[in-house]
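Chains A and B, in that order, give the protein sequences.
Okay, so the first sequence: first residue is 1 according to the working numbering, each after it adds one.
Okay, so the second sequence: first residue is 1 according to the working numbering, each after it adds one.
Glycine residues also receive a C-beta, built at the ideal position from the N, C-alpha and C atoms.
Keep in mind it's a predicted model, so treat the numbers as computed, not measured.
There are 2 protein chains.
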Amino acid sequence: MAEPKTNELMEKIVSLCKRRGFIFQSSEIYGGINGFWDYGPLGAELKRNVRDHWWRAQTQYREDVVGLDASIIMHPKIWEASGHTTTFSDPMVDCKTCKGRFRADQLDSTPCPVKPSKMVCECDGEKTEPRAFNLMFKTYVGPIETVDNVAFLRPETAQAIFAQFQNVNACARQKVPFGICQIGKAFRNEINPRNYTFRSREFEQMEIEFFIRPDEVVQKIAGNVATYADGMDTSAPQANWGWELWHRHWVEERLKWYESIGLGRDTLELYWQEKKELAHYAKACVDIQYKFPFGTQELEGIAARGDFDLTQHQKHSGKSMEYFDEEAKAKYVPHVIEPSAGVDRLVLALLCNAYTEDTVPDEKGKPETRVVMKFHPRIAPIKVGVFPLLKNKPDLVKKAKEVRDLLRPHMTVFYDEAGAIGRRYRRQDEAGTPFGVTIDFDTLGEKPELLDTVTLRDRDTCKQDRVKISDLVPLLLQKVR
Amino acid sequence: MAEPKTNELMEKIVSLCKRRGFIFQSSEIYGGINGFWDYGPLGAELKRNVRDHWWRAQTQYREDVVGLDASIIMHPKIWEASGHTTTFSDPMVDCKTCKGRFRADQLDSTPCPVKPSKMVCECDGEKTEPRAFNLMFKTYVGPIETVDNVAFLRPETAQAIFAQFQNVNACARQKVPFGICQIGKAFRNEINPRNYTFRSREFEQMEIEFFIRPDEVVQKIAGNVATYADGMDTSAPQANWGWELWHRHWVEERLKWYESIGLGRDTLELYWQEKKELAHYAKACVDIQYKFPFGTQELEGIAARGDFDLTQHQKHSGKSMEYFDEEAKAKYVPHVIEPSAGVDRLVLALLCNAYTEDTVPDEKGKPETRVVMKFHPRIAPIKVGVFPLLKNKPDLVKKAKEVRDLLRPHMTVFYDEAGAIGRRYRRQDEAGTPFGVTIDFDTLGEKPELLDTVTLRDRDTCKQDRVKISDLVPLLLQKVR
Numbered sequence: 001m002a003e004p005k006t007n008e009l010m011e012k013i014v015s016l017c018k019r020r021g022f023i024f025q026s027s028e029i030y031g032g033i034n035g036f037w038d039y040g041p042l043g044a045e046l047k048r049n050v051r052d053h054w055w056r057a058q059t060q061y062r063e064d065v066v067g068l069d070a071s072i073i074m075h076p077k078i079w080e081a082s083g084h085t086t087t088f089s090d091p092m093v094d095c096k097t098c099k100g101r102f103r104a105d106q107l108d109s110t111p112c113p114v115k116p117s118k119m120v121c122e123c124d125g126e127k128t129e130p131r132a133f134n135l136m137f138k139t140y141v142g143p144i145e146t147v148d149n150v151a152f153l154r155p156e157t158a159q160a161i162f163a164q165f166q167n168v169n170a171c172a173r174q175k176v177p178f179g180i181c182q183i184g185k186a187f188r189n190e191i192n193p194r195n196y197t198f199r200s201r202e203f204e205q206m207e208i209e210f211f212i213r214p215d216e217v218v219q220k221i222a223g224n225v226a227t228y229a230d231g232m233d234t235s236a237p238q239a240n241w242g243w244e245l246w247h248r249h250w251v252e253e254r255l256k257w258y259e260s261i262g263l264g265r266d267t268l269e270l271y272w273q274e275k276k277e278l279a280h281y282a283k284a285c286v287d288i289q290y291k292f293p294f295g296t297q298e299l300e301g302i303a304a305r306g307d308f309d310l311t312q313h314q315k316h317s318g319k320s321m322e323y324f325d326e327e328a329k330a331k332y333v334p335h336v337i338e339p340s341a342g343v344d345r346l347v348l349a350l351l352c353n354a355y356t357e358d359t360v361p362d363e364k365g366k367p368e369t370r371v372v373m374k375f376h377p378r379i380a381p382i383k384v385g386v387f388p389l390l391k392n393k394p395d396l397v398k399k400a401k402e403v404r405d406l407l408r409p410h411m412t413v414f415y416d417e418a419g420a421i422g423r424r425y426r427r428q429d430e431a432g433t434p435f436g437v438t439i440d441f442d443t444l445g446e447k448p449e450l451l452d453t454v455t456l457r458d459r460d461t462c463k464q465d466r467v468k469i470s471d472l473v474p475l476l477l478q479k480v481r
Numbered sequence: 001m002a003e004p005k006t007n008e009l010m011e012k013i014v015s016l017c018k019r020r021g022f023i024f025q026s027s028e029i030y031g032g033i034n035g036f037w038d039y040g041p042l043g044a045e046l047k048r049n050v051r052d053h054w055w056r057a058q059t060q061y062r063e064d065v066v067g068l069d070a071s072i073i074m075h076p077k078i079w080e081a082s083g084h085t086t087t088f089s090d091p092m093v094d095c096k097t098c099k100g101r102f103r104a105d106q107l108d109s110t111p112c113p114v115k116p117s118k119m120v121c122e123c124d125g126e127k128t129e130p131r132a133f134n135l136m137f138k139t140y141v142g143p144i145e146t147v148d149n150v151a152f153l154r155p156e157t158a159q160a161i162f163a164q165f166q167n168v169n170a171c172a173r174q175k176v177p178f179g180i181c182q183i184g185k186a187f188r189n190e191i192n193p194r195n196y197t198f199r200s201r202e203f204e205q206m207e208i209e210f211f212i213r214p215d216e217v218v219q220k221i222a223g224n225v226a227t228y229a230d231g232m233d234t235s236a237p238q239a240n241w242g243w244e245l246w247h248r249h250w251v252e253e254r255l256k257w258y259e260s261i262g263l264g265r266d267t268l269e270l271y272w273q274e275k276k277e278l279a280h281y282a283k284a285c286v287d288i289q290y291k292f293p294f295g296t297q298e299l300e301g302i303a304a305r306g307d308f309d310l311t312q313h314q315k316h317s318g319k320s321m322e323y324f325d326e327e328a329k330a331k332y333v334p335h336v337i338e339p340s341a342g343v344d345r346l347v348l349a350l351l352c353n354a355y356t357e358d359t360v361p362d363e364k365g366k367p368e369t370r371v372v373m374k375f376h377p378r379i380a381p382i383k384v385g386v387f388p389l390l391k392n393k394p395d396l397v398k399k400a401k402e403v404r405d406l407l408r409p410h411m412t413v414f415y416d417e418a419g420a421i422g423r424r425y426r427r428q429d430e431a432g433t434p435f436g437v438t439i440d441f442d443t444l445g446e447k448p449e450l451l452d453t454v455t456l457r458d459r460d461t462c463k464q465d466r467v468k469i470s471d472l473v474p475l476l477l478q479k480v481r
């Protein structure tokens with residue numbers, strides 16, 4: 001089958017997301033609100049699986065990362081220290097004719113208020129000089145709206161980690177190098193939210209701040225600082241790693257993680273920022289990009305940020321951010337490697353990556369086109385569908401419900417008895433459910449040798465195997481975990 | 001041991017929460033921000049376990065509830081429809097002397113700005129008349145701060161569920177009665193945040209809107225509407241249940257759930273709101289309260305809200321909220337039972353409930369006082385500590401790390417080799433880790449019959465059993481799931 005065209009493909013994905021309950025427009029019944037999205041039943045489970053898998057990869061499978069769950073509204077001085085108050089802005093211009101406000105760098109791709117069907121300011125009116133527009137959402141905390149009470153919705157989760165570095169360090173029984181990770185919402189008042197959920201105003205981040213020794217401390221302790229060479233194994237941390245090796249380590253770790261949820265390396269592109277693109281304090285930054293139908297775009301940035309953030313907070317708070325390193329017998333402000341990923345972007349990438357149209361035989365062997373969401377079983381919203389072959393046979397229904405109850409403590413199960421079995425399979429194909437269990441007359445012993453067996457259908461191959469009910473739990477757990 | 005006095009107990013809990021990394025003040029290095037809290041490594045895991053357990057209880061173990069994950073900022077008309085714009089306010093007065101602003105109904109328990117050590121407006125100055133102060137945090141979406149661009153941080157998660165009722169209904173393959181659940185942050189600009197994390201400005205909710213048939217439809221289909229009698233079994237839904245039975249069902253379900261995470265019925269109190277306390281549209285409301293050291297306070301409210309919310313949104317959006325009931329051959333706006341719980345309050349209740357001081361023999365048999373957090377294993381942040389008896393014996397350390405790697409895919413593990421074994425136990429007691437596994441010389445075969453066995457210590461009894469390493473995973477999984 002020919003690859004559908006890009007826009008057409010994106011339209012199909014968006015349509016399926018609404019129809020099957022992955023993603024809805026926020027406040028749709030009131031005409032929506034630009035840049036805000038809701039996750040429906042399947043989307044909420046998908047997102048939850050992504051978060052869980054990421055959290056466990058850091059805090060459970062690693063010994064050197066602990067979690068944090070900080071508030072969205074923080075003290076405004078946090079954003080002075082981080083630089084967001086002064087520099088987190090986009091350049092904007094106003095059109096003196098249509099009164100529209102546009103990002104100066106996106107003037108040619110923004111709908112004109114006068115002719116909204118045109119993706120450009122059509123009135124050609126005179127524009128004001130660009131002015132900086134801060135992207136943080138502002139609010140007031142407490143009963144009085146004064147300058148003293150201004151607060152912001154965090155534009156990133158990272159700063160809470162820096163602000164709480166000493167509290168976590170005091171309790172976590174960790175030694176540098178170690179990391180703190182966090183998942184949570186962040187907000188940016190984007191002028192032009194776009195590309196579906198990709199650039200939205202409310203979004204979720206998964207961030208790790210991994211604190212390491214400054215290179216000079218590594219040099220002192222290990223006698224040298226390892227340098228990276230192509231093909232080097234960066235999976236097992238070594239005492240002589242400086243920022244460069246730790247940075248490579250995290251790039252590799254994160255690629256492995258994406259692979260573990262079904263985004264193979266062929267679906268991703270690494271973009272190494274050039275020196276001139278880097279922030280003045282950054283030593284390196286790699287973007288992990290996914291090839292979306294609307295273009296290759298960033299899922300995650302992995303930056304070597306030096307000691308910039310902790311030093312800024314030390315300066316602005318007057319509180320020491322130094323760490324005493326027993327082995328080095330020295331105090332220092334740790335340096336940081338920051339793998340920072342967007343949950344909503346990743347969910348969108350997973351939806352795009354899963355969306356497949358193929359041709360399979362229907363129940364009568366006639367080829368038919370189906371839509372199937374080929375999620376990795378680990379992140380699939382529903383792990384297994386359970387189907388009695390026929391709805392009107394009480395014994396089949398009873399047995400099917402027993403199987404459902406057997407599986408349910410271990411994974412998400414969808415029980416469905418309505419309609420032809422082929423249609424029930426197709427529904428689960430669209431939901432991305434990797435396995436289907438069908439209870440038929442052989443299960444009940446019509447063929448005595450098949451008593452208490454079921455068919456186990458594979459979503460991608462449509463192949464069906466006969467499996468003992470008693471084998472189902474371990475067999476499926478092995479595939480979905 | 002005598003029960004510690006209330007304030008003293010609360011102080012001990014707050015101190016432990018900071019010291020062990022359950023809860024930190026948000027933005028502490030900048031002096032904090034009143035009403036906002038962060039969860040440290042242990043607190044983040046505890047909260048995560050609570051959320052997971054709740055979510056799975058609704059969406060995985062029940063067949064009639066699906067999830068939703070909606071945005072925090074929604075269209076402002078949502079709050080007009082719900083009534084929050086006009087009525088979600090507290091009465092406030094200003095003191096003309098000290099310029100403090102106080103809740104009119106809490107004048108006698110609010111710190112005076114002039115003498116903050118006094119929990120009352122001390123200056124005794126003349127007060128203004130009470131005025132309504134809306135508790136929603138306000139912000140502006142988009143680049144221009146105009147009335148048209150005002151938006152609010154949601155003061156509750158419930159309204160998104162109502163607003164998305166038809167979208168979910170269209171995709172979820174459910175029939176009324178069914179529910180939609182959501183976990184997420186909500187914000188209330190409380191004048192006087194207090195009682196630690198209990199009344200904060202940013203908090204998390206776990207809400208279910210359970211949609212049921214109006215009583216007259218039940219009557220039509222089932223021929224009667226069941227009425228509640230004391231001691232009735234409300235666990236298995238019946239066709240003739242009206243709102244009263246469904247309400248009882250959910251009260252019972254929620255109590256069972258609290259019990260399943262260690263809050264037994266003796267720790268809770270049910271408060272049935274009196275008719276005069278109910279909102280005009282509400283038919284009944286029960287508060288599930290916990291006996292906090294600072295007083296008995298609400299963890300969850302379970303309200304029978306009729307069709308108020310859906311009808312309001314139907315009116316304000318002009319979109320139908322009617323459901324077509326195939327069995328009744330009728331259209332109606334479903335009625336609602338709403339179990340609405342606070343995550344942070346529950347976490348605080350679990351911390352208070354877990355905090356225990358007892359006397360146990362130390363390693364030399366001498367009685368010593370210990371602090372132990374007796375969390376239910378299901379919600380304990382760390383499930384098992386793994387300890388080599390001695391740090392300086394490579395064989396013990398190697399074996400202990402093997403045990404850690406064996407357990408890690410299944411649960412959170414804390415590996416600790418530093419310090420005397422007794423001190424390591426105590427540290428995990430304070431963290432609330434229910435099990436401790438110690439690898440000693442017998443594990444290595446010093447007594448050949450004990451080869452590949454470990455001691456398994458129970459946090460609460462301090463009892464140690466000898467267990468085969470190969471039995472550990474199933475044995476522990478059975479206890480922590």
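From the options, pick the residue whose C-alpha is nearest to that of residue i; which is it?
i, options, result
"A:K463", "A:Y425, A:A431 and A:D471", "A:Y425"
"B:L46", "B:L350, B:M206 and B:V397", "B:L350"
"B:T97", "B:T146, B:L444, B:C123 and B:M373", "B:C123"
"B:N353", "B:K18, B:E417, B:L268 and B:A239", "B:L268"
"A:A400", "A:T453, A:R19, A:D105 and A:A70", "A:T453"
"A:P388", "A:M411, A:D105 and A:E417", "A:E417"
"B:Y281", "B:Q297, B:G419 and B:Q312", "B:Q312"
Let's test the definition: count the other Cβ atoms within 10 Å of the Cβ of residue i and tell me whether it reaches 16, buried, or not, exposed.
i, result
"A:P339", "buried"
"A:V437", "buried"
"A:S482", "The question about residue 482 of chain A has no answer, for chain A in this structure spans 1 to 481."
"A:I208", "buried"
"A:Q478", "exposed"
"A:W54", "buried"
"B:D490", "A query on residue 490 of chain B cannot be resolved here, the shown segment of chain B reaching from 1 to 481 and no further."
Secondary structure at residue i, three-state DSSP: helix, strand or coil?
i, result
"B:P377", "coil"
"A:T296", "strand"
"B:Y271", "strand"
"A:V176", "coil"
"A:D482", "The first residue shown for chain A is 1 and the last is 481, placing residue 482 of chain A beyond what the model contains."
"A:S340", "strand"
"B:N134", "strand"
"A:E357", "strand"
"A:F152", "strand"
"B:D287", "strand"
"B:Y415", "strand"
"B:A226", "strand"
Does the ligand FAD have a heavy atom nearer than 8 Å to the CB of residue i?
i, result
"B:R378", "Ligands displayed in this structure: none; no statement on the ligand FAD is therefore possible."
Give me whichever residues DSSP pairs with residue i in a beta bridge.
i, result
"A:H335", "A:I212"
Inset, instruction - Name, going along the chain, the residues of the segment 159-172 of chain A whose beta-carbon falls closer than 7 Å to a beta-carbon of chain B. - result: Cβ contacts with chain B come from A160, A163, Q164, N167, V168, C171 and A172.
Legend entry - Near-chain A residues of the segment 53-77 of chain B - C-beta to any C-beta below 8 Å: Here the close residues are W55, T59, Q60, Y61, E63, V66, G67, L68, D69, A70, S71, I72, I73, M74, H75 and K77.
Inset, instruction - Give, in chain order, every residue of the segment 31-53 of chain B whose Cβ lies closer than 9 Å to some Cβ of chain A. - result: Flagged, chain order: G31, G32, I33, N34, G35, F36, W37, D38, Y39, G40, P41, L42, G43, A44, E45, K47, R48 and D52.
Legend entry - Proximal residues, the segment 124-155 of chain B versus chain A, C-beta separation under 8 Å: So the close ones are F133, F137, K138, T139, Y140, V141, G142, P143, I144, A151 and L153.
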